[in-house]
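Taking numbering that gives the first Met the number 0, the leading residue of the sequence shown gets 0, the next gets one more, and so forth.
Every residue gets a Cβ at the ideal spot worked out from N, C-alpha and C, and that includes glycine.
Since the structure is predicted, the reported quantities are computational estimates derived from the model, not experimental observations.
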Amino acid sequence: MTENILELREVGYRYPDGSTGLNRCSLSIQRGCRSVVLGANGAGKTTLFLHLNGILRPETGTVLFNGKPLDYGRQGLRELRSRIGLVFQNPDAQLFSASVREDISFGPLNLGLANKIVRSRVEEALAAVDLEECADKPVHALSYGQKKRVCIAGVLAMQPDVIILDEPTAGLDLKVQHELLEILRRLHGQGKTIVMATHDVDLAYAWADNAYLLDAGRLAAECHADRFSEVFPSFGMYGVGVPKVAELHQILAAHGVIPRNGMIPRSHEELVRLLFTNRTGLEASLA
0 MTENILELRE VGYRYPDGST GLNRCSLSIQ RGCRSVVLGA NGAGKTTLFL
50 HLNGILRPET GTVLFNGKPL DYGRQGLREL RSRIGLVFQN PDAQLFSASV
100 REDISFGPLN LGLANKIVRS RVEEALAAVD LEECADKPVH ALSYGQKKRV
150 CIAGVLAMQP DVIILDEPTA GLDLKVQHEL LEILRRLHGQ GKTIVMATHD
200 VDLAYAWADN AYLLDAGRLA AECHADRFSE VFPSFGMYGV GVPKVAELHQ
250 ILAAHGVIPR NGMIPRSHEE LVRLLFTNRT GLEASLA
């Protein structure tokens, strides 16, 4: 069984205006997995992430990292945020230094690391997000997509075990989305645990190993990738929608174009391969 790296146990939190952020929310994030958090606006996704990173402290319940309750003391939070990196939805809320290199350097310098180590980490982080040519540019001169990459680089420079991203593809064109997902693919290949919140149910369906659905601050459903095809359609009642490839697969199977049983594709590319394979098999049987 895969080990849990992060866990919420019956966590409750209300904002100062009285609105509910989390309501007895319990869930576990598995080490080394790609996890996606879904839910309508106000479901609690961002509040969840702020608890995982220690920015918010639960009023009730417990948050655990590596099986131990979070330490909310100054040193404990400093250590936690070097192990769990959070990338906000709006990059302008996270970037504050004059240049790209300065912004990425901030976290490691704040850890008290030697300048040589900081420089090395910054260069590695720049290379990881393909931004070496922008290292000395002013942050305000970057595109929106480049700013998102700088935020990820700033997190990577801390060398975290977990990378949490709040709506990382929001506001990006398709080309930049694909580039960002390729960066996340490489990071996951290096053993990073990645947690993403998104409204893009097609991305979630194709990308994740585990999915969690929040509703009114509680965990309404969860499933592993091997059950996505049967569980995801039920997410529609929570305002999430149904993956287009799953809908299309169901229509094609109902019309006998592809087998009703067998592999359920998770992307349009997989569906095309399935169609091609099935067509080849039909042609061979009729020859």
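DSSP three-state label for residue 276, please.
For the purposes of this step, residue 276 is taken as residue 277 along the sequence shown, with counting starting at 1. Residue 276 falls in the helix class under three-state DSSP.
Whole beta strand (DSSP E) runs in the region 52-119 with 3 or more residues, listed along the chain?
59-64 and 83-86
Compare the C-alpha of residue 242 against each of 236, 232, 250 and 251 and name the closest.
Locating residue 242 in the sequence shown gives position 243, where the first residue counts as 1. It is 232 whose Cα lies nearest to the Cα of residue 242.
Contact belief for residue 151 with residue 33 at Cβ below 8 Å, rounded distance in angstroms
Here the question's residue 151 lines up with position 152 in the sequence shown. Here the question's residue 33 lines up with position 34 in the sequence shown. Residue 151 to residue 33, Cβ: 15 Å. No contact.
Start and end residues, alpha helix (DSSP H) containing residue 204
Taking the sequence shown and counting its residues from 1, one reaches residue 204 at position 205. 200-206 is the span of the alpha helix (DSSP H), which, as asked, contains residue 204.
Kindly list the residues whose CB is nearer than 8 Å to the CB of residue 226, restricted to its own chain and excluding five residues on each side of it in sequence; keep chain order.
Taking the first residue of the sequence shown as position 1, residue 226 is located at position 227. Excluding the 5 residues flanking it on each side, residue 226 has no same chain C-beta neighbour closer than 8 Å.
For the region 65-73 and the region 117-125, state whether three or more C-beta atom pairs, one from each stretch, are separated by less than 8 Å.
no
If we require 4 or more residues per run, which alpha helix (DSSP H) segments fall completely within the region 208-272?
227-230 and 243-253
From the DSSP output, in three-state form, read off residue 281 for me.
Locating residue 281 in the sequence shown gives position 282, counting from the first residue. Low confidence applies here, because residue 281 scores a pLDDT of 46, under 50, leaving its location unreliable and the question unanswered by this model.
Between the CA atoms of residue 133 and residue 200 - distance to the nearest angstrom
Here residue 200 is taken as the residue at index 201 of the sequence shown, counted from 1. Here residue 133 is taken as the residue at index 134 of the sequence shown, counted from 1. Looking at the two C-alpha atoms, the distance is approximately 32 Å.
The beta strand (DSSP E) spanning residue 30 covers which residue range?
Translated into positions along the sequence shown, residue 30 becomes position 31. It is not in any beta strand (DSSP E) - residue 30 carries neither H nor E in the DSSP assignment.
Alpha-carbon to alpha-carbon, residue 26 and residue 57
Residue numbering aside, residue 57 sits at position 58 when the sequence shown is read from its first letter. Residue numbering aside, residue 26 sits at position 27 when the sequence shown is read from its first letter. Straight through space, the alpha carbons of residue 26 and residue 57 are spaced by roughly 14 Å.
On the three-state DSSP scale, how would you describe residue 286?
As a position in the sequence shown, residue 286 is number 287, starting the count at 1. The predicted model places residue 286 with a pLDDT of 42, which falls under 50 and marks its position as unreliable; any figure quoted below should be read in that light. Coil.
For residue 276, which residues in the same chain have their Cβ closer than 7 Å to its Cβ, ignoring the five residues on either side in sequence?
Here the question's residue 276 lines up with position 277 in the sequence shown. Around residue 276: no qualifying Cβ.
Give the secondary structure of residue 49 by DSSP, where H, G and I count as helix, E and B as strand, and everything else as coil.
Walking along the sequence shown from the start, residue 49 turns up at place 50. DSSP places residue 49 in helix when its eight states are reduced to three.
What are the start and end residues of the beta strand (DSSP E) that includes residue 9?
Taking the sequence shown and counting its residues from 1, one reaches residue 9 at position 10. From DSSP, the beta strand (DSSP E) with residue 9 extends over 3-13.
Have a look at the DSSP bridge pairing and note the partners of residue 195.
Numbered from its first residue, the sequence shown carries residue 195 at position 196. Paired residues: 35 and 164.
Three-state secondary structure assigned by DSSP to residue 130
As a working note, residue 130 is residue 131 in the sequence shown. Of the three classes helix, strand and coil, the one that applies to residue 130 here is coil, per DSSP.
In the structure shown, what three-state DSSP assignment does residue 179 receive?
Here residue 179 refers to the residue found at position 180 when the sequence shown is read from its first residue. If DSSP states are grouped into helix, strand and coil, residue 179 belongs with the helices.
Using CA atoms only, rank isn't needed, just tell me which of 99, 114 and 116 is closest to residue 128.
Within the sequence shown, residue 128 is the residue found at index 129, counting from 1. When 99, 114 and 116 are compared, the shortest CA-CA separation from residue 128 is found for 99.
Closest by CA to residue 15, which one among 245, 273, 3 and 55?
Numbered from its first residue, the sequence shown carries residue 15 at position 16. Ranking the options by Cα distance to residue 15, first place goes to 55.
Once you ignore the five residues that flank residue 136 on each side, which residues in its own chain have a CB closer than 6 Å to its CB?
Taking the sequence shown and counting its residues from 1, one reaches residue 136 at position 137. These residues qualify, in order along the chain: 99.
For the putative contact between residue 364 and residue 191, defined by C-beta atoms under 8 Å, what is the C-beta separation to the nearest angstrom?
Residue 364 falls outside the range modelled here, since the chain spans only 0 to 286, and no answer is possible.
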